[in-house]
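Peer 1:
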Amino acid sequence: MTVTLEHINTKVLYNNLYTDYKAEVVALNLLKYRKDIDQIFFKRLGSNNRSFNKDVKAVSSEYHDFGEHIITVETYREGIYDYLPEGVFHPPSIGSTRTNVEDVVQEIRKQKKQEMSARRFFQPFELEACYAELNALLVEADFDLNGENNAILYVLDDLWPLLKSLDQETARVFAYLLPFFHVIRGSKTWFERCVSAFLRLPVVISFVPNVVAREDRGSQNLVLSQFRLGISTLLSGQHMDGERNWRVTYGPVPYERLSEFMPTSNLRGLLQKLYEYRN
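When we follow the working numbering, the leftmost residue of the sequence shown carries the number 64, and every step to the right adds one.
#1: Below 8 Å, how does it come out for the region 104-121 and the region 198-212: are there three or more Cβ pairs, yes or no?
#2: Taking DSSP as the reference, what is the three-state secondary structure of Thr-82?
#3: Answer with buried or exposed for Gly-142, where buried requires no fewer than 16 other C-beta atoms within 10 angstroms of its C-beta.
#4: Under a three-way DSSP split, which group does Ser-110 fall into?
#5: Quick one: grab the DSSP three-state call for Glu-323.
#6: Indicate whether the contact test is met: 3 or more Cβ pairs, each with one atom in the region 270-277 and one in the region 319-327, closer than 8 Å.
#7: When the Cα atoms are used, what is the spatial distance from Leu-333 to Tyr-84?
#8: Quick check on this structure: which residue in Asp-205, Phe-152, Leu-229 has the alpha carbon closest to the alpha carbon of Met-179?
#9: Cα-Cα, which of Pro-242, Ala-195, Arg-331 is closest to Leu-262?
#10: Find the nearest neighbour of Pro-187 within the set Ile-215, Ile-103, Phe-115, Phe-237, judged by alpha-carbon distance.
#11: Sorted by chain position, which residues of the same chain lie with C-beta nearer than 8 Å to Arg-310's C-beta, five sequence neighbours on each side aside?
#12: Name the DSSP bridge partner or partners of Gln-102?
#13: Thinking Asn-78 and Val-119 are a contact (beta carbons under 8 Å), I'd like their distance in whole angstroms, please.
#14: Would you call the region 79-99 and the region 122-138 touching, i.e. three or more CB-CB distances under 8 Å?
#15: Would you kindly report the start and end of the unbroken alpha helix (DSSP H) that includes Ser-228?
#16: In the DSSP output, what is Trp-223 paired with across the bridge?
#17: Per the DSSP calculation, Val-122 is bridged to which residue(s)?
#18: Within this structure, are the beta carbons of His-127 and Ile-134 separated by less than 8 Å?
#19: Quickly, what does DSSP pair Phe-270 with across the bridge? List them, please.
#20: Kindly list the residues whose CB is nearer than 6 Å to the CB of Ala-195, restricted to its own chain and excluding five residues on each side of it in sequence; keep chain order.
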């Protein structure tokens, strides 16, 4: 496989003075937002220089035969070569008193070449591990509500069938608020915040007395001498039993969204379920 000369070592801007992105983050964003990329290679250089360098050394772009676009990410990470015992590929030969400076330099260069050859040998195995991690990150990114994918909504449809009948934006807001529902239970302040974020409207909750509209015709026909304490002395007709209810006031509602808040709308049904859950 040959490389076209005009595209060799084309540098890709990825970092600045105040950032230190992980190699996986750089590769993931390249795969998501650069549709022309065919493959991404990771080249592990060892961790000797990591203490004073960023995680990513360089990102280069190359075009190979048949127009295949390859991105190479060089990173200061330990590879399989670094975890092997010393002397597996090159036995120690430095330290003899009979060697001069030139022999030492020549031996160091020789071992550097052997090191690069050994790293290339283990590179396919390291790439498979990187590809598995990238695939896991891509699946995780599909469930990110900040992105354009709605994979999380397909999972929640089985638990909340009403989401299928809501518009996409409202369903995404509802999915984002789900982890906070355990906090709003019984809390007036948090219920106001979550419902306001869900409806994208101002929401105010006030307390009103609970009115019972029950009528007991049997007790109305009794005279005072026939009343029994706790049995037939119950109030009949419309009365307040001392309990308090929540009055949820939302609005003003824009004219174009009035249909969403009609009594038979799907959104009203979902709001009723939320109100029942807060109890």
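From the three backbone atoms N, C-alpha and C, an ideal C-beta is built for every residue, glycine too.
Peer 2: Reading it off the structure:
#1: Result no; under three Cβ-Cβ pairs closer than 8 Å.
#2: In the displayed model, Thr-82 falls within coil according to three-state DSSP, outside both helix and strand.
#3: Flag for Gly-142 reads buried.
#4: Ser-110: coil per DSSP, three-state reduction.
#5: DSSP places Glu-323 in helix when its eight states are reduced to three.
#6: The count of Cβ pairs closer than 8 Å, one atom from the region 270-277 and one from the region 319-327, stays below three, leaving the stretches out of contact.
#7: Their Cα atoms are separated by approximately 41 Å.
#8: For the options Asp-205, Phe-152, Leu-229, the alpha carbon positioned closest to that of Met-179 is the one of Phe-152.
#9: A check of alpha carbon separations from Leu-262 across Pro-242, Ala-195, Arg-331 identifies Arg-331 as the nearest.
#10: Taking only the C-alpha atoms, the option nearest Pro-187 is Ile-103.
#11: So the qualifying residues of the chain are Ile-268, Ser-269, Phe-270, Val-271.
#12: Ile-133, per the DSSP bridge assignment.
#13: The distance from the Cβ of Asn-78 to that of Val-119 is about 6 Å, consistent with a contact at the 8 Å cut-off.
#14: Because the criterion of three Cβ pairs below 8 Å is met, the region 79-99 and the region 122-138 touch.
#15: Boundaries for Ser-228: no alpha helix (DSSP H) harbours it, and the DSSP string shows neither H nor E there.
#16: Answer is none; Trp-223 lacks a bridge partner.
#17: Per DSSP, the beta bridge partners of Val-122 are Val-136.
#18: Their beta carbons are not under 8 Å apart, which means His-127 does not touch Ile-134 by this criterion.
#19: Beta-bridge pairing links Phe-270 to Trp-309.
#20: Excluding positions up to five away in sequence, the list is empty.
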